[in-house]
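S.K.:
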Amino acid sequence: MEAPGLAKAAAADTDPRGAKEDTPDGAPALCPSPEAPSPEPPAYRLQDFDTLATVGTGTFGRVHLVKEKTTEHFFALKVMSIPDVIRLKQEQHVHNEKSVLKEVNHPFLIRLFWTGHDERFLYMLMEFVPGGELFSYLRNRGRFTAATGLFYSAEIVCAIEYLHSKEIVYRDLKPENILLDREGHIKLTDFGFAKKLVDRTWTLCGTPEYLAPEVIQSKGHGRAVDWWALGILIFEMLSGFPPFFDDNPFGIYQKILGGKIDFPRHLDFSVKDLIKKLLVVDRTKRLGNMKASLELHEHSCVHLDPGHCNAERPRQPVWEARAT
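Numbering of the sequence shown is given in our numbering, commencing with residue 4 and proceeding in unit increments.
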């Protein structure tokens, strides 16, 4: 099976690489620490890959599992229809994802290796994460144990605090955007809503159940929205459902602004305390907002061993690094 236009574009394009290369955006590495220099990236060509399967579909594109013919390394190739991107006014989101992923380098964030385009499609060659979405595991199990949910939460704290250190707000934290690698560690993906932010922004974006009060009220928002979303996510992982839900978005928004949380009985005091401190309607009092993530590190529920966020412990890569 071939990606839409993949072989055709490669054969028809006058560029010998098969698609016009935008920028080489990093090369495979053995799970480097943040900011570790990457080796000189190779010049990827579309015709150098075999398409094995479609692993994801979206409104204006698909994600294919591909294998590089010479090295047999696996990648995820995101193929987006240019007319559909324009028709749905998603140009800025595509640009945001590309620019953010070019800048970041962290083991808990998806990696972008190359981008290109032809007359019909935009291409993003990304890290293939074999474990799939956290969403699927959560739906299959109903809910996670406290130990499992808080393990994922600790790694998400690492990812978010790294993004915030780069002045990037993620703005789309939810189970569907968290992938699991071979060892069960998280990878945040889908950076279309992510934004480089010095002060505040007023754009309404995100999933209704995960929107922070200041987003709903159009008061301008910043990094605190990611900590609110973390509180929603922890509640959902440990309960099996979000704390604020309704049949329509407006009902959800009313409950979010009301701030009343009904906790399941099985959650212990410390977990409830963490969620309550993250889901504070007043963002100036929200955990993680005033002292960056230091407050989260100090909470009894967030267990971060030395080096956890800096990836100092060895981790099994999805595939070996390219020989240099």
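We put the CB at the ideal spot given by N, CA and C, even for glycine.
What would DSSP say about Glu122, mapped onto helix, strand or coil?
M.R.: Coil at Glu122, not helix or strand.
S.K.: How is the beta strand (DSSP E) around Gly2 delimited, first residue to last?
M.R.: The structure shown has nothing for residue 2, since the chain only spans 4 to 327.
S.K.: Which residues in the same chain as Asp249 place their Cβ atom closer than 7 Å to its Cβ, once the five residues preceding and following it in sequence are excluded?
M.R.: Cβ neighbours of Asp249 beyond the five flanking positions: Ile255, Lys258.
S.K.: Following the continuous alpha helix (DSSP H) through Ala197, name the residue where it begins and the one where it ends.
M.R.: Unbroken run through Ala197: none, as it is neither H nor E.
S.K.: Beta-carbon within less than 7 Å of Gly209's beta-carbon, same chain only, minus the 5 sequence neighbours each way: which residues are those?
M.R.: Result list for Gly209: Arg174, Asp175, Phe196, Val218, in chain order.
S.K.: Which same chain residues end up closer than 8 Å to Gly99 when comparing Cβ atoms and leaving out the 5 residues on each side of it in sequence?
M.R.: Correcting the residue type first, residue 99 is Asn in the shown sequence and not Gly. Cβ within range, chain order: Phe194, Gly195, Phe196, Ala197, Lys198.
S.K.: Measuring CB to CB, does Asp53 end up less than 9 Å from Gly134?
M.R.: Their beta carbons are not under 9 Å apart, which means Asp53 does not touch Gly134 by this criterion.
S.K.: Report the start-end ranges of each alpha helix (DSSP H) in the stretch 122–154 that is 4 residues or longer and not cut off at the edges.
M.R.: If we require 4 residues or more, the alpha helix (DSSP H) runs fully inside the stretch 122–154 come out as 137–144.
S.K.: In angstroms with no decimal places, state the Cα-to-Cα distance between Tyr126 and Gln50.
M.R.: Straight-line Cα distance between these residues: approximately 13 Å.
S.K.: Please work out which residues of its chain come closer than 6 Å, Cβ to Cβ, to Val283, disregarding the five sequence neighbours upstream and downstream, and give them in chain order.
M.R.: Cβ neighbours of Val283 beyond the five flanking positions: Arg289.
S.K.: Evaluate contact between the stretch 138–157 and the stretch 87–99, counting only Cβ atoms and requiring at least three cross-stretch pairs below 8 Å.
M.R.: Judged by Cβ distances under 8 Å, the stretch 138–157 makes no contact with the stretch 87–99, as fewer than three pairs qualify.
S.K.: Tell me the DSSP bridge mates of Val228?
M.R.: According to DSSP, Val228 bridges with nothing at all.
S.K.: Measure the alpha-carbon distance for Lys2 versus Val172 and round it to whole angstroms.
M.R.: The shown model of the chain, from 4 to 327, leaves out residue 2, and the question about it has no answer.
S.K.: Roughly how many angstroms separate the alpha carbons of Arg65 and Pro216, rounded to a whole number?
M.R.: For Arg65 and Pro216, the distance between alpha carbons rounds to 33 Å.
S.K.: Tell me whether His269 is buried or exposed, calling it buried when 16 or more other Cβ atoms sit within 10 Å of its Cβ.
M.R.: So His269 counts as exposed.
S.K.: With a Cβ-Cβ cutoff of 9 Å, do Leu166 and Leu137 count as a contact?
M.R.: No. Outside cutoff.
S.K.: Apply the 10 Å Cβ neighbour rule to Asp121 and answer buried if 16 or more other Cβ atoms are within range, or exposed otherwise.
M.R.: Buried, since its Cβ has 16 or more Cβ neighbours within 10 Å.
S.K.: Please report the straight-line C-alpha distance between Val69 and Leu80, rounded to a whole angstrom.
M.R.: C-alpha separation (whole angstroms): 7 Å.
S.K.: Candidates Phe154, Thr74, Glu179: which alpha carbon is nearest Gly61's?
M.R.: Comparing Cα positions, the closest option is Glu179.
S.K.: Within a Cβ cutoff of 6 Å, which residues of the same chain sit near Gly262, ignoring the five residues on either side of it in sequence?
M.R.: Val284.
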